[in-house]
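In full-length UniProt numbering, the protein residues as written are 1 to 329.
Where is the CB? At the ideal position from N, CA and C, for every residue including glycine.
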């Protein structure tokens, strides 16, 4: 076999209804299959996913299937993939999504030519799925986390230089049930010597499926959610080059994650009043511990107003403010 350019790593859990579409998109890439390694980790699926994976592996020599007990999320399977991978780059793909036919070729070429550590391919939402778009205005062969909007795309479905991950001990945290990919991505973004953005081709299709059995869906608890945010901010504090860049990164990260927190509270939420106050309490605890005046000043005005109302614990005014913003958007 020739040199493996890309290892495509896919964590699989109860994805029998979707994995074939994903795999066919990889097996039909414009990049030659001899340069592609596919590693799939069956994370204790209870449907026929394991049999489907084994069937593909029996007819495709570049496919490896690993069966393991369920770990409760995709983080541990991705760590397994990193230990087994042989490619120059690792591309994490979710089992229910799929790739554009030229995705691997284009992303590999830009990353290889630019000597980047991370390559972000343009996302396209399917069936109404929201995807980050602000970083895809134009191709960026070589940028960084400070000068781009890549933090808005915090998920790990990207291409990483394998040596970069290994040399910097960048792995998915074990024992975190909520958003375990965020500390991984923040560390990778901060330490990357270069980030490439492929904006002129739809590389990665993110699919909104009606059935959710393919995901290990766990009720998100506010303490778990903000604990993950704390871990990500700790990474920024540890690895950002200086105080100015640390505050800039915290503001970028908080802008996205506080928007998510606000959506949980007010975007058609069916939570009880007690549950909302619990979320508000945990958010306040997080803000008091990790968000200082210097960081807050870098946030947009609407976010600063949101934080002011959060600190006052005024749910009614928070709801009214969020509703007003939705009308004005």
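Using a Cβ-Cβ cutoff of less than 8 Å, which residues in the same chain neighbour residue i once the five nearest sequence positions on both sides are dropped?
i           : result
residue 270 : none
residue 239 : 187, 190 and 191
residue 311 : 284 and 287
residue 85  : 7, 9, 37, 39 and 162
residue 224 : 176, 177 and 178
Whose C-alpha, out of the options, is nearest the C-alpha of residue i?
i           : options               : result
residue 201 : 133, 144 and 142      : 133
residue 75  : 166, 111 and 10       : 10
residue 100 : 3, 208, 188 and 24    : 24
residue 21  : 39, 72 and 98         : 98
residue 67  : 78, 60, 59 and 61     : 78
residue 30  : 227, 107, 222 and 248 : 107
residue 221 : 275, 149 and 72       : 275
residue 73  : 295, 180, 105 and 166 : 180
residue 315 : 293, 156 and 272      : 272
residue 26  : 143, 105 and 151      : 105
residue 80  : 61, 260 and 166       : 166
For my contact list, residue i and residue j are in at a C-beta cut-off of 8 Å; report their separation, rounded to the angstrom.
i           : j           : result
residue 309 : residue 317 : 5 Å
residue 196 : residue 111 : 5 Å
Going by beta-carbon coordinates alone, are residue i and residue j separated by less than 9 Å?
i           : j           : result
residue 252 : residue 131 : no
residue 182 : residue 229 : yes
residue 49  : residue 70  : no
residue 161 : residue 89  : yes
residue 37  : residue 65  : no
residue 206 : residue 126 : yes
residue 35  : residue 4   : yes
residue 307 : residue 255 : no
residue 203 : residue 103 : yes
residue 199 : residue 122 : yes
residue 164 : residue 118 : yes
residue 303 : residue 171 : no
residue 159 : residue 149 : no
residue 185 : residue 141 : no
residue 243 : residue 294 : yes
Using a Cβ-Cβ cutoff of less than 7 Å, which residues in the same chain neighbour residue i once the five nearest sequence positions on both sides are dropped?
i           : result
residue 174 : 75 and 76
residue 313 : 280
residue 18  : 95, 96, 209 and 214
residue 290 : 230 and 233
residue 115 : 194
residue 248 : 146 and 298
residue 128 : 208
residue 278 : 222
residue 56  : 23 and 63
residue 301 : none
For the ligand SAH, is there any heavy atom lying closer than 8 Å to the beta carbon of residue i?
i           : result
residue 224 : This structure simply doesn't include the ligand SAH, nor any ligand for that matter.
Within the same chain, show all residues whose beta-carbon is closer than 6 Å to that of residue i, passing over the 5 residues directly before and after it, in chain order.
i           : result
residue 16  : 47, 48, 49 and 52
residue 226 : 282 and 286
Please give the ranges of any alpha helix (DSSP H) in the UniProt domain "Glycosyltransferase 2-like" (7-164), keeping only runs that are unbroken, at least 4 residues long and fully inside the region.
19-27, 49-59, 75-84 and 103-114
Where in the UniProt domain "TarS/TarP linker" (222-321) do unbroken runs of the beta strand (DSSP E), each at least 3 residues long, occur, reported from the N-terminal end onward?
none
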